[in-house]
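Chains as they are written, first to last, in our numbering: chain A, 1 to 281; chain B, 282 to 715; chain C, 716 to 1029.
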Amino acid sequence: MVGELTWPRRLLGLWVPLAALFVFALFPFAWMAATSLKANAELYDPAANPMWIRHPSLVHYIDLFKETNFVLWIGNTMLVALVSTILSLLLGVMLAYPLARMRFPAAGLLAISVAVAYLVPQTLLFVPMADLINRMKLGDSLSAVMLTYPTLLVPFCAWLLIGYFKTVPRELEEAALIDGASRWRAMTRVILPLCTPGFLSAGIFAFTLAQNEFLYALLFLNTSTIRTVPVGVTGELIRGDAFYWGQLMAAALLGSLPVVLIYSFFVKYYVAGLTAGSVKG
Amino acid sequence: MARSDCFRGSTSRRDFLKLSVAGAAGATVGADWRLRTASAKPAQITFLRESSYVKEFDDYFKNVLIPRYQQDTGIKLVYEIVAAGGSAVPRLVSIVESKAPVDAGWVQQEWLYREALLDVSDIAEEVGKQQGGWYPEIKSLSVWGGKWKSVPFGNIGQTMVYRRDWFDAAGIHTFPDTWEEFLEAGTKLKKAGHPYGMSMGHGFADNNSWLLPLLWGFGGQVVAKDGKTITLDSAETARAVDYVRKLYKDACIDDCVGWLDPANNKAFLTSQISCTNNAMSILISAKRDLPDMGKVIDHALNPKGPKGRFHSLVPVTHGIFNHTPDPEAAKHFLRWLMDPKQVAAWYRSAFMYHAPFLHAYDRDPEWDKEPRFKPDQRVLETGKLVSWPAPADRKAGEVVNKWIVIDMFAKACTGVPTKAAIADAATGLKQIYG
Amino acid sequence: MSTNPVLEAARPAARAVPVRRAFQLREWLEREAVFSWLMLTPPLLFLLAFLGYPFCYGVYLSFVRRPVAQPATFVGLGNFVNLWSDSIFWQAVWNTFRFTGAATVLKLVGGLGMALVMHQNFRMKGVTRALLLLPFIVPTVLSTVAWQWILDPGMGMFNRILMYVGLVTQGPSWLGNPTLALVSVILVNTWRGLPFFGITILAGLQTIPTELMETATIDGAGSWQRFRYVTLPLLMPVIFIVTTFSIIFTFFDFQLVYVLTGGGPANATHLMATYAYSISMGGGQMGLGSAAALAMVPMLGLVLVAMSSYVRKA
């Protein structure tokens, strides 16, 4: 941000709010980490401090790996999220580009119907969806979720991308066309690269939603070896009215941290401030 | 004492003989299958269950029963586990609706889809005859239109679970026998810093397991036996509601009005409450993780009211879906499963967490291993289905799943006058029953 | 060498014909409408098959009485009439609006603040951004389980801190008191969704050309004026999109409430999504449940229309 970066200003404007944000967002994870490293007896001890570990123990992590298919679940989750994201971004671009940049009959109507179709809750869809999947003989397979997740993700990706596509001025495209490029070339060589932050945003959130999804995974992933983390973990670590708290929290952390690592890598590539080639004045 | 011991011994010996004869018969059934043509066999049978609180129970199925079935019949058994706390029902409904390739399972909430279940009367009658007969109440769930639509398995006993040490310290040396005594004891205990934690939230078992027996004990009823007349609005119900309000204010921890099923386990194991209504899970968890606490936990039957002592059943029943490609194979499997050679050990692998609905197991030696589990067996004597006295049909299921009766009590505890709370519940009932 | 003058004359013309036809195809493909429709076809077909069909089936279900495993009987608007006189339904509607409204406002304001803070230069920016996304990344089912403990009356962090600081002798019942239960649910939803707002708005901030900010500063604008008259207007499209999406996501939220309170105590936190679910799965009434779920759509539509007309005016 442009402005004088004096010491008190930086403290108040950056470090204090940043610290507050960190505490707000991450204190539950501190608790989760502490819980995953405590034996049950200490977890239940009312005299113990929730955030402090008196006798750290890796028993929950060990049990998680030994007694459940956790590794498989993580693999499945990453695979499903990746494929769904790629599919959704592809379909999203194909949907968003014409609706954002082209003028053609029925564009407006289509945009609205895509938006309206998105106003459909999963609680309405899941039974007919299960019927459809079973008829296609895809029940109990990863393909089932890889096909159904884009229904949740494509409209959102398309929406987000429309927003980003709209920010790139028409003049750029027209200039490319005048220079002799085909529409396809103009799109892939000129416009799309400028919208990389948009792709990254849409991709990040599509990936996140995909690896977080529960209802379809519950219905379509029945065998333990092909389950994703949310369904696998709740299926085997919640038994009756007993929650295997330590293992659940270990699973939560181990499931999320790789994603965070991946994100921190991609987030680096956000283009901070588009200058070259963009509109000036 | 000696004579009754003898008697007990001879009864169990008699039962044992019965069981072993049945077992031998079962073994020949298995052998019979081999003689049928190989081409008539299905490739696999998929059996769906909610994951059991007792992991050993699921392990026993996977490690012992599946290989044994493979050996006996050459058919592969697949054991599908769904999470507890409500995940089984959408799975079951979607299986029924989309005719997914699942053959049989724990048919939770069978009142929703009985029409899609196979008639298993022959299996159920045979099993009942072989193993001491069925407890009559469970027939109200499994038998419909004269036909058995599911084969009962066991009841997850819900009893009062309490801290004997804290009760003793407060001068209460036997568990309260009536609801009035229960309230008195709770008042003393709350003052001593050890309140009760009686679940009244949107859970599935720990709320019904004491509120319904309480209502019945006071003489209140939800819907009459004819399944049509709404009888909730009565003086007895009002008395029950007033009692619960007082119990909440004087004896319970504030939080319990919003508790789902795992919450009372958590509160008990973290020493926040002295008593709750629950299955065996608290005691088993404590024995494993908090042995000192485990020594001072005990189980007791529900207190009795003016109209008697009641318990609420949490039945486990197994059924076969109509759309299974080979009904004969599925029925054979279920018959094999309920054969004493299989089912007796399977029951025991869960420490009788599912109290068998068959009288043959009433005095099974497994019950003697942990005397504190005996009340869970005795629940069967006074246990009623949640729909009681009305039939266990879809409407009764809707009442339970929309928490109409539970919310009536919960609302009373959070400030709504008794009359209004009952009226709200009655309106809800009218919507369901018409 | 056969020199047939007619053939000779015809050859260049023959050669010219195929070239012209190929050129026509490319030209046709370049037409804006054609290009657009060709691009749109695959995603539209996909959505029609996988979203359109289930949606239509769901709509059909809301006009019939359809108990599980039983055939359907047409009831017209019967299901909706049933819901109209259902007090639990209206409680769920009221809860959903309060829940969505409060959570969205909190997330928007918090997310905007987060984006502004993160837009500054500091080391480890990438890792920070990724870490702050954790509430959004972790599966809802699991983080909600953690919140059950955090909100526990005796063991939970909130009450431990409150008691330690001495504000209360005994912590409040976050999930037992009906009002606090709704507050808790809003809090957990805000916690989960705030990073989403933050990161998306941040990306939007980063597409604002720095020259514009420099020009504004040179023109004498202070940071608040820069924010209000330069930054905010340019951010509006992104804010609009992310808020709209969040409102939809929050309006339909199911998992969080289902795991934390099940809709209790006494329906204080029952949302339309959880109620529709309990009608379908608990009552086995697929028709009525679909009607309850479908009822969400026009309500949400009205909210969004109101929102976009307000934005359009501003």
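All C-beta atoms, glycine included, are put in the ideal place defined by N, C-alpha and C. Because the structure is a prediction, the values reported are computed rather than measured.
Go ahead and pull the three-state DSSP assignment for residue i.
{"i": "Phe804(C)", "result": "helix"}
{"i": "Pro782(C)", "result": "strand"}
{"i": "Phe591(B)", "result": "coil"}
{"i": "Asn558(B)", "result": "strand"}
{"i": "Val824(C)", "result": "helix"}
{"i": "Cys195(A)", "result": "coil"}
{"i": "Val504(B)", "result": "strand"}
{"i": "Arg227(A)", "result": "coil"}
{"i": "Ala100(A)", "result": "helix"}
{"i": "Met1014(C)", "result": "helix"}
{"i": "Lys585(B)", "result": "strand"}
{"i": "Asp579(B)", "result": "strand"}
{"i": "Met441(B)", "result": "strand"}
{"i": "Ala158(A)", "result": "helix"}
{"i": "Gln970(C)", "result": "helix"}
{"i": "Gln1000(C)", "result": "strand"}
{"i": "Thr708(B)", "result": "helix"}
{"i": "Pro323(B)", "result": "coil"}
Show which residues of chain C have a CB atom less than 7 Å away from the CB atom of residue i.
{"i": "Arg330(B)", "result": "Within chain C, no residue comes near Arg330(B); the closest Cβ sits about 18 Å away, beyond 7 Å."}
{"i": "Gly163(A)", "result": "Pro952, Val953 and Ile956"}
So which residues on chain A does residue i lean against when the C-beta distance must stay under 9 Å?
{"i": "Trp862(C)", "result": "Pro28"}
{"i": "Asp570(B)", "result": "Ala39, Asn40, Ala41, Leu43 and Tyr44"}
So, for residue i: in the same chain, excluding its five sequence neighbours on each side, which residues have a beta-carbon less than 6 Å away from its beta-carbon?
{"i": "Arg844(C)", "result": "none"}
{"i": "Ala1008(C)", "result": "Ala991"}
{"i": "Phe214(A)", "result": "Pro230"}
{"i": "Met282(B)", "result": "Only weak support exists for where Met282(B) lies, its pLDDT of 37 falling under 50; the coordinates are left without a value."}
Take residue i and list the residues in its own chain whose beta-carbon comes closer than 8 Å to its own, dropping the five residues that flank it on each side.
{"i": "Phe969(C)", "result": "Leu986, Ala988, Thr989 and Tyr992"}
{"i": "Ile356(B)", "result": "Lys322, Pro323, Ala324, Gln325, Ile326, Tyr350, Ala610 and Phe614"}
{"i": "Gly791(C)", "result": "Phe778"}
{"i": "Phe263(A)", "result": "Residue 263(A) is actually Tyr in this sequence, not Phe. Around Tyr263(A): Ile204."}
{"i": "Phe126(A)", "result": "Leu215, Tyr216 and Leu219"}
Can you check DSSP and say which residues form a bridge with residue i?
{"i": "Val597(B)", "result": "Gly435(B)"}
{"i": "Ala242(A)", "result": "Arg239(A)"}
{"i": "Lys428(B)", "result": "Trp425(B)"}
{"i": "Pro637(B)", "result": "Gly435(B)"}
{"i": "Arg170(A)", "result": "In the DSSP output, where bridge partners are listed per residue, Arg170(A) has none listed."}
{"i": "Arg330(B)", "result": "Ile362(B)"}
{"i": "Gly386(B)", "result": "Leu329(B) and Gly600(B)"}
{"i": "Tyr394(B)", "result": "Bridge partners of Tyr394(B): none, in fact."}
{"i": "Pro121(A)", "result": "Its beta-bridge partners do not exist; DSSP assigns none."}
For the ligand NAP, I want to know if residue i counts as a neighbour, meaning its beta carbon is within less than 7 Å of at least one of the ligand's heavy atoms.
{"i": "Ser57(A)", "result": "As far as ligands go, the structure on display features none, and thus does not contain the ligand NAP."}
Under 8 Å between beta-carbons, which chain C residues line up against residue i? List them in chain order, please.
{"i": "Asn134(A)", "result": "Result: empty, since nearest Cβ-Cβ is about 13 Å, beyond 8 Å."}
{"i": "Glu378(B)", "result": "Val783, Ala784 and Met1001"}
So which residues on chain C does residue i lean against when the C-beta distance must stay under 9 Å?
{"i": "Asn222(A)", "result": "Simply none; closest approach about 17 Å."}
{"i": "Val374(B)", "result": "Val783, Ala784, Ser995, Met996, Gly999 and Met1001"}
{"i": "Ile534(B)", "result": "Pro868, Gly869, Ser888 and Gly891"}
Along chain A, in chain order, which residues have C-beta atoms closer than 8 Å to that of residue i?
{"i": "Tyr768(C)", "result": "Pro128 and Leu132"}
{"i": "Pro910(C)", "result": "Ala25"}
Cβ closer than 9 Å: which chain B residues qualify as neighbours of residue i?
{"i": "Ile238(A)", "result": "Ser332, Ala364, Ala365, Gly366, Ser368 and Pro543"}
Within a Cβ cutoff of 7 Å, which residues of the same chain sit near residue i, ignoring the five residues on either side of it in sequence?
{"i": "Lys233(B)", "result": "Since the displayed chain B opens at 282 and closes at 715, residue 233(B) lies outside it and no answer follows."}
{"i": "Gly139(A)", "result": "Ile133 and Phe220"}
{"i": "Lys655(B)", "result": "Trp648"}
{"i": "Val190(A)", "result": "Leu172, Glu173 and Ala176"}
{"i": "Gly203(A)", "result": "Thr85 and Leu89"}
{"i": "Val900(C)", "result": "Phe814, Leu971, Val972, Leu975, Thr976 and Thr984"}
So which residues of chain A does residue i contact, with C-beta pairs closer than 7 Å?
{"i": "Asn546(B)", "result": "Asp241 and Ala242"}
{"i": "Val790(C)", "result": "Simply none; closest approach about 17 Å."}
Which residues in chain B have a C-beta closer than 7 Å to the C-beta of residue i? List them in chain order.
{"i": "Gly139(A)", "result": "Ala381 and Pro382"}
What does residue i reach in chain B if we use C-beta pairs closer than 8 Å?
{"i": "Ile803(C)", "result": "Lys683 and Gly709"}
### Task
Could you name each continuous alpha helix (DSSP H) segment of 4 residues or more that falls completely within the region 651-700 of chain B, going from the start of the chain to the end?
655-663, 675-682 and 685-694
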